[in-house]
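For the record, the sequence lines run as chains P and E.
Residue numbers 1 to 690, in my numbering, belong to the letters of the first sequence in order.
Residue numbers 691 to 1202, in my numbering, belong to the letters of the second sequence in order.
All C-beta atoms, glycine included, are put in the ideal place defined by N, C-alpha and C.
On a predicted model such as this, the values are computed, not experimentally measured, just so you know.
This report refers to the structure that appears directly beneath it.
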Amino acid sequence: MVGELAVWGIFLLPLASFVIIAVVIRPFLNRFSLLSGLLLIGALAVALWLSIDTLASVVRGHEMDFGSRTWLQAGGATIEIGLLVDPLTAIMLVVVTSVSLLVQIYSLGYMNGDPGFSRYYAYMALFTASMLGVVLASNVIQLYAFWELVGVSSYLLIGFWHERPAAAAAAKKAFIVTRIGDVGFLIAILYLFFQADKFAAQGLNAFHIPDIWQAAQPVALGGLGILAGTGLTWFSLGIFAGAAGKSGQFPLHTWLPDAMEGPTPVSALIHAATMVAAGVFLVARFYPVFQVSAQAMTVVALIGAFTALMAATMGLVMNDIKRVMAYSTISQLGYMMAALGMGLYGAAIFHLFTHAAFKALLFLGAGSVNHTTGTFNMRYMGGLRRQMPYTYWLVVIGGLSLVGIVPLAGFWSKDEILLGAWNGNVLLEPWVGRAVVAGLLAGVALTGFYTLRMIFMTFHGEYRGGIGQEMEDAGQPAVPAHAGQTGNAPRPDSGDTHLHESPWVMVAPMLALGIGAVLAGFLANPQWFDLAGIPKHWITEFLIHGMESNLLVGVLHFGTLDFNPWMALASTAIALAGVGVAYLLYGIRSLPGRDPLERAGPVHRLLTQKYYLDALYEGVAVRRIFYRAFAGSVDWLERNLVDGAVDLLGWVFRNFGPLVLSRLQTGQVQTYGAVVALGGLAIFLGFLLR
Amino acid sequence: MLSGFPGLLTATVFLPAAGALAILLLVRGDRNIRVFAVLVAVADLALSLLVFIGFDRAAAVAVGGERFQLIDQFPWIPGDTLKATYFLGVDGLSAPLVALTGLLGLCAVFVSWHINVRVREYFVWLLLLQSAVMGVFASLDLLLFFLFWELELVPMYMLIAIWGTGRKEYSAMKFLIFTILGSAFMLVGIVAVFLTPGVGTFDMTLLSTSGTMLAGAGVLLPMGVLFWLFLIAFAIKLPTWPLHTWLPDAHTDAPTAASVMLAGVLLKMGGYGILRINVGMFPDQTKEFAWALVALGVVSVLYGAVVTLRQTDLKRLIAYSSVSHMGLVMLGVGSVGISQGELTSAGLNGAALQLFTHGTITGLLFVAVGLVYEKAHTRFIPDLGGLAGRMPVVAVAFLIAGLASLGLPGLSGFVAELLVFLGAFQAYPIATGLAVLGIILAAGYILWMIERSFFGAPRDRFVDITDASLVEAIPLAVLVISIVGVGVYPSVLTDVFEIGLDPMVAMFNEGG
């Protein structure tokens, strides 16, 4: 049994680290900046231990309702804060603390020598605390608050190297695009308060998440039905808008590839394993509400499947290793969303769990490669498997896990999603399930292709010169302008001949994630029998059971799915097809001067231009239509009409005033008296006639 | 507790004025004047905090309790004709605003450290300004309220016209004419209220506690007209679209301290007036015209934000963002329009809290911009860039203020916005939904401004720029602490505001 303080501790430890680094270490002890890293690592180690303890406690079925405390009581709104510890929370706690811990250890090596070392760990601590705050929140406003703090820590970390204009712009873009989604989230919260009287009549608090679950249970099944019908659908879609922003779902996905401007460990933690998964978490958190509305579920399923496919197509052609990963992440988040939309609550979170391991691993691998080559452009890599055997084999494991090759982790979770979607959902129209399956299966082939293309281009063939060659091709001096500033640029004397494996402080965390990428799937969710004390279908059973116990009425879900060898065979065959094409194009010989995909001509261009969505959003919609045309017109009105009227009035009085008014000032008392008398008469008449 | 402490409020209000007098007559030497001004401001902050702490919440909510406390009252213009009294006192609504004035008054003195033109005069006006604004918040007599309201104009005019930059005379005059225009409306309103048969008093406690007093009295002018006479005066001060155009000019050309006071407390007089007089004395009319308040509020929020996006001068940008943020005050007040069953005061509380939080946030933004201007000698955004590396302390403070301004949870702006939205959505969901779009625009103009001025490659011409000195960092630190403090634990203010607003809400619910 875990006490309340221990659970709060999971959140408070990184928060305290943030405060100590920001207020003490950074301003006064910056010479000992290593302290900040060690402090956060220590705090997270304890937090991880507490998280595992919490998970164990939840597994044993302990009651974890600690009650709530009032944070703010104003004008009929009572906003409480509290802990919501259920299986979903417990699993997320372990994911966040463990990945964060490994990434912080890795960062000791990766960020070594960066002048912003302490600042980096301060932001990382703030992020981890905020993310844990999201996971633990029992109140929707509490959740929203940490949700925004996650957004701002992401902003700070993407823009960590703020001297780089691209990083500063990407940070801003990430915040604003996710905030567009957050408007939906906020309006959903406002809608809850709109219904607060109905909640209160049942003794519920409109902001308390378990109370919202209760309120959404349909009357037909014996529930309260406070949230129902169109209102419930719009509420769900509002929540989903927020989730889509954070999880990079179409059409709000454009910020995530740009976010790769941040330091690579940041991408591993935030833009792969945790923050972007927060959107999936949010939909899962409100799953009892979503599953009442077939329309909302349809939207979630279709957007998820579409995103899964679309992002994968863009991943095919990217040359920047991190951008390949970024599109891959968007795509995989699409799988999770699609799963939630199809009602596969357990499978979605299972995939979130395995994805956190293998995707964090892949990003750390990209960082490791960058650490020695100084570039992220795969056209200037190649042949690195000889110098970096650990990185190579770990990336291969992570990559195959992503592709879904048996028996790696990704295989089991992806298969469960595919199978569930194939089986369909009685609530939804049959075509929805079919469309989702088609999209996801096509995505599997693309995943196989882009993953292996990435591995071949990076590790196979001949080395193509790294950052030095890239700078030379770009017509710049061979030593990067900001060398040393980033901590990962090569020393002038290293470069081509001194390629080396990354230090152990970086390899060891990757090794740990590699173990996860191999085992997390099968061990967490054994398919056929109880394994080493782990019951069959453990994680999905655990999650679904946890949700059921929170509801008065039965949840409309499918339980767990038995392993289906046909689906496994089909998906593996499709994945291998993608792998095979990648081998033919990139594996047999070293990368030629021209990317073989360029032969696709306009299609290739469409994909490298990201379907022109960035150009449409930023160039046309924001810059031209909104900023220049609309805001420009309003600004013109402001200057000429609203403010102009004032100046005009002043001008009129100044120039015509003398003509009229000064003639009235005759100085003759009789005239004044007459005017006053007439005025008095007028007022008197006014009273008489009233 | 301290409610029986006569003279505390008077001392709080008049200490800066007394300090101004002393500077005028006694203190010699620029440095001594500065130090003396700081001492006065520190002492006044201590007194104003004492007022805030001394406000006895238990006594205020008790049945038949003292809603107004720390009262100082004696006859001012005796006789039956006017019956104006010197009448100071605070309730839950005004006590936090008095504290806010003390806080920003201190910051204003600190940011004036480098003023070296006509130093004596400058600090005299600055301190006088503080007294006048405190007087507005503490007055419980309409005539006295008006007196303080007008008194504030003179120092602000002087500060802008003498120590300002750019078209300072034009901006100062514009500020003066706009406000006096509003005052004219208010004066007619005050006189009409007094002359309304059956009233014959300036006592704001009587006029607002018994909401029926005015409604039940005979009619001189229709109540709706009275309501608008006051509203126009306050809407100019707030300012509300389309009466806002004095603000960007005044802000842009004012010296830093005047901008801080202007954004921090002068605008709040408008919001305070709406809550105290329009809502407090004319509840029925507030309800009747709530739709208009909401419309003005939403237009101000969105229009202000869109125009903000186009600005290229840091101060002008922040000034327009104030128009947008003050629109939320209107929106919050308008939330009383329609109620399902019992009216809740979330919107009103949000509006009151927004007054306080916007005061500290925008105050901090102006302090930081003042430092940028002082060191970089420009506020033109395209000329700035890469300052974060050169002046990290200023950059961090600016970032915190900016994030607070765009409503980041954990900082004070979020709570006020949230309460306004919660309250207003109950009454006008669609209009509120539109106003919520303002949070995207706010993120846009704030982050874009930060990107352009602080991020990017360091510029060669800013190589010699130094970070904030200790004296300069003090106001930054004070305001950051208050922003974070209120953001994390907003109850420290909302509980007090709630006490002040509850009697008003009760009137709405009684009146049906």
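Status (buried if at least 16 other CB within 10 Å, exposed otherwise) for residue i
i, result
"LEU588 (chain P)", "Looking at the sequence shown, residue 588 (chain P) is not Leu but Ile. Classification of ILE588 (chain P): exposed, given that the 10 Å Cβ count is below 16."
"ASN1199 (chain E)", "exposed"
"PHE836 (chain E)", "buried"
"THR329 (chain P)", "buried"
"ILE767 (chain E)", "exposed"
"ILE21 (chain P)", "buried"
"TRP147 (chain P)", "buried"
"ARG491 (chain P)", "Confidence in ARG491 (chain P) is poor, its pLDDT being 41 and thus under 50, which makes the residue's placement unreliable; the coordinate value appears in the next sentence. Burial call: exposed."
"ASP114 (chain P)", "buried"
"GLN291 (chain P)", "buried"
"THR771 (chain E)", "exposed"
"ASP1003 (chain E)", "buried"
"PHE1070 (chain E)", "exposed"
"PRO1072 (chain E)", "exposed"
"LEU332 (chain P)", "According to the sequence as given, residue 332 (chain P) is Gln; it is not Leu. Buried, because 16 or more other Cβ atoms sit within 10 Å of the Cβ of GLN332 (chain P)."
"GLY223 (chain P)", "buried"
"LEU419 (chain P)", "buried"
Where residue i sits in the DSSP three-state scheme
i, result
"PHE777 (chain E)", "strand"
"ASP643 (chain P)", "helix"
"ARG599 (chain P)", "helix"
"HIS500 (chain P)", "coil"
"THR486 (chain P)", "Interpretation of THR486 (chain P) is limited by its pLDDT of 44, a score under 50 that renders its predicted location unreliable; the figure taken from the coordinates is listed afterwards. Residue state, collapsed to three classes: coil."
"PRO696 (chain E)", "coil"
"ARG69 (chain P)", "strand"
"ARG491 (chain P)", "For ARG491 (chain P), the pLDDT reaches just 41, beneath the cut-off of 50, and the residue's location in the model is therefore unreliable, although a value from the coordinates is still provided. Of the three classes helix, strand and coil, the one that applies to ARG491 (chain P) here is coil, per DSSP."
"PHE1070 (chain E)", "strand"
"HIS62 (chain P)", "coil"
"GLN668 (chain P)", "coil"
"PRO480 (chain P)", "In this predicted model, PRO480 (chain P) has a pLDDT of only 46, less than 50, meaning its place in the structure is not dependable; the value taken from the coordinates is given anyway. Coil at PRO480 (chain P), not helix or strand."
"GLN195 (chain P)", "coil"
"THR78 (chain P)", "strand"
Contact check, residue i vs residue j, beta carbons under 8 Å
i, j, result
"LEU44 (chain P)", "THR128 (chain P)", "yes"
"GLU811 (chain E)", "VAL823 (chain E)", "no"
"TYR993 (chain E)", "GLN1001 (chain E)", "no"
"ILE397 (chain P)", "HIS351 (chain P)", "no"
"THR307 (chain P)", "GLY341 (chain P)", "no"
"TYR121 (chain P)", "GLY315 (chain P)", "no"
"PRO706 (chain E)", "LEU818 (chain E)", "yes"
"ARG26 (chain P)", "SER118 (chain P)", "yes"
"LEU1043 (chain E)", "SER1095 (chain E)", "no"
"ALA980 (chain E)", "GLY1040 (chain E)", "no"
"GLY1190 (chain E)", "GLY782 (chain E)", "yes"
"ASN968 (chain E)", "PHE884 (chain E)", "no"
"ALA944 (chain E)", "GLY1060 (chain E)", "no"
"SER990 (chain E)", "VAL1026 (chain E)", "no"
"PHE207 (chain P)", "ASN319 (chain P)", "no"
"GLU472 (chain P)", "THR391 (chain P)", "no"
"TYR110 (chain P)", "HIS498 (chain P)", "no"
"LEU933 (chain E)", "MET894 (chain E)", "no"
"GLY1113 (chain E)", "ALA1036 (chain E)", "yes"
Per DSSP, cross-strand counterpart(s) of residue i
i, result
"PHE764 (chain E)", "E:TYR776"
"LEU83 (chain P)", "P:ALA137"
Legend entry - Any alpha helix (DSSP H) of 4 or more consecutive residues that is wholly inside the segment 288-369 of chain P: 294-315 and 321-341
Inset, instruction - Write down every uninterrupted run of the alpha helix (DSSP H) in the segment 946-984 of chain E whose length is 4 residues or greater and which is fully enclosed by it, in chain order. - result: 946-951, 957-963 and 973-978
Inset, instruction - Starting from the N-terminal side, write out each stretch of the alpha helix (DSSP H) that is 4 residues or longer and does not extend beyond the segment 777-802 of chain E. - result: 784-801
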